[in-house]
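Visitor: This is the structure I want to talk about, given as structure tokens.
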Amino acid sequence: MIRNRMHKVIQLTFPELEKMFTSKSDLFLNFVQLFPHPDCVLSLSKTIIKNCIRANTNKKISNIMAEKKAIQILEIAKNSYPAVSQNDVLYDQLKAYAKRYQELLQQKECCINKMVFIAEQRAEYSIILSLPGIGPNTAVRLMAEIGDITRFANNKQLNAYAGIDIRRFQSGKTFYKDKINKRGNKHLRKLLFLIIQNMIKLRRYGRNHIIEYYDKLKTQPYNK
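If you're matching positions, the sequence shown starts at 1 in full-length UniProt numbering and goes up one per residue.
Printed below as a string of structure tokens:
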């Protein structure tokens, strides 16, 4: 994947740059294209870096934030020891990877927007969207993985399709911890896991009957 390739190259050119950002955001990718090597930073003043950041970021950032990032990148550039020089072929390769990755993210966002437009015409979209912790992005992905939900006669069939139906093991009077089958749609299963994780994180903002049921299952004689 291009993201992994970009990560490998940046470890050789300017590894500290990844520590400035918690995620591979659009701002991070802009920084990689602007400053793929610490020498690019050290040859410039704080003011020039700040103006460069403001002029070359798609999402306009404030003057204060741009100055903060300029100071931060100057500090890490001073303490950086890259494995290759600024003239190395990896310098241009990293910029190309970042640009391509950014283009793919933009295409992904465009595709999701189209999916949302189509999903809004279906009745289940508003129902799924009403669940705490689920936004438009997650809702359309969930609908895409499930497909036509009316083809499932009951929740057990849907559970089996997702591979989250329970397998119970018992030997005499010994009961073993329940496990899921994991034989269904692995992408749907992963998405459901992320949704529940998000709901658990947001539980402090209000009641959620799904998480309340989750807590109830955890208080059973043995965990579900």
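The beta carbon of each residue, even a glycine, is placed where N, CA and C say it ideally should be.
Quick check: M199 and N208, are their CB atoms within less than 8 angstroms of each other?
Guide: Position 199 of the sequence shown, counted from the first residue, corresponds to residue 199. Position 208 of the sequence shown, counted from the first residue, corresponds to residue 208. The answer is yes: Cβ separation under 8 angstroms.
Visitor: So, at 8 angstroms on beta carbons, what are the nonlocal neighbours of R203 in its own chain, with the 5 sequence-adjacent residues on each side left out?
Guide: Residue 203 sits at position 203 when you count from the first residue of the sequence shown. Closer than 8 angstroms at Cβ, skipping near neighbours: I211.
Visitor: Considering only residues of the same chain and omitting the five flanking positions on each side of A98, which have a CB-CB separation below 7 angstroms?
Guide: Against the sequence shown, residue 98 aligns to sequence position 98. Excluding positions up to five away in sequence, the list reads M6, L29, V32, Q33.
Visitor: With 16 other CB atoms within 10 Å as the buried threshold, where does Y205 fall?
Guide: For the purposes of this step, residue 205 is taken as residue 205 along the sequence shown, with counting starting at 1. Exposed, since its Cβ has fewer than 16 Cβ neighbours within 10 Å.
Visitor: Residues in its own chain within less than 8 angstroms of M20 by CB, not counting five upstream and five downstream?
Guide: One-based indexing of the sequence shown puts residue 20 at position 20. Counting only Cβ-Cβ distances below 8 angstroms, and skipping sequence neighbours, we find F28, F31, K69, Q72, I73, I76.
Visitor: Might you give, ordered along the chain, the residues of its own chain that have their beta carbon closer than 7 angstroms to the beta carbon of S126, omitting 5 neighbours on each side?
Guide: The residue you call residue 126 lines up with position 126 of the sequence shown. So no residue of the chain qualifies.
Visitor: Please identify the residue among K114, P36, I196, Y214 whose C-alpha is closest to the C-alpha of Q93.
Guide: Against the sequence shown, residue 93 aligns to sequence position 93. Answer by Cα proximity: P36.
Visitor: Here's the rule I'm using: 16 or more other beta-carbon atoms within 10 Å means buried, otherwise exposed. How should F14 be labelled?
Guide: Walking along the sequence shown from the start, residue 14 turns up at place 14. When all chains shown are included, F14 counts as buried.
Visitor: Could you tell me whether the stretch 45-60 touches the stretch 111-125, using the rule of 3 or more Cβ pairs below 8 angstroms?
Guide: Too few Cβ pairs lie closer than 8 angstroms, so no.
Visitor: In terms of alpha-carbon separation, which member of M1, V89, K46 lies closest to L12?
Guide: Along the sequence shown, one-based indexing puts residue 12 at 12. Ranking the options by Cα distance to L12, first place goes to V89.
Visitor: Give me the Cα-Cα distance between V140 and L192, rounded to the nearest whole angstrom.
Guide: Taking the sequence shown and counting its residues from 1, the one referred to as residue 140 is at position 140. Taking the sequence shown and counting its residues from 1, the one referred to as residue 192 is at position 192. Whole-angstrom Cα-Cα distance: 13 angstroms.
Visitor: Who does K179 pair with in a DSSP beta bridge?
Guide: Your numbering for residue 179 matches position 179 in the sequence shown. Paired residue(s): R167.
Visitor: Please classify E145: does DSSP put it in a helix, a strand, or coil?
Guide: Within the sequence shown, numbered from 1, the residue matching residue 145 stands at position 145. It is helical.
Visitor: Taking C-alpha atoms, which residue in S85, E120, L217 lies nearest to C40?
Guide: Reading the sequence shown from its first residue, position 40 is the one you call residue 40. The shortest Cα separation from C40 among S85, E120, L217 belongs to S85.
Visitor: State the Cα-Cα distance for the pair D26 and M65, rounded to the nearest angstrom.
Guide: Taking the sequence shown and counting its residues from 1, the one referred to as residue 26 is at position 26. Taking the sequence shown and counting its residues from 1, the one referred to as residue 65 is at position 65. Spanning the two alpha carbons is a distance of roughly 15 angstroms.
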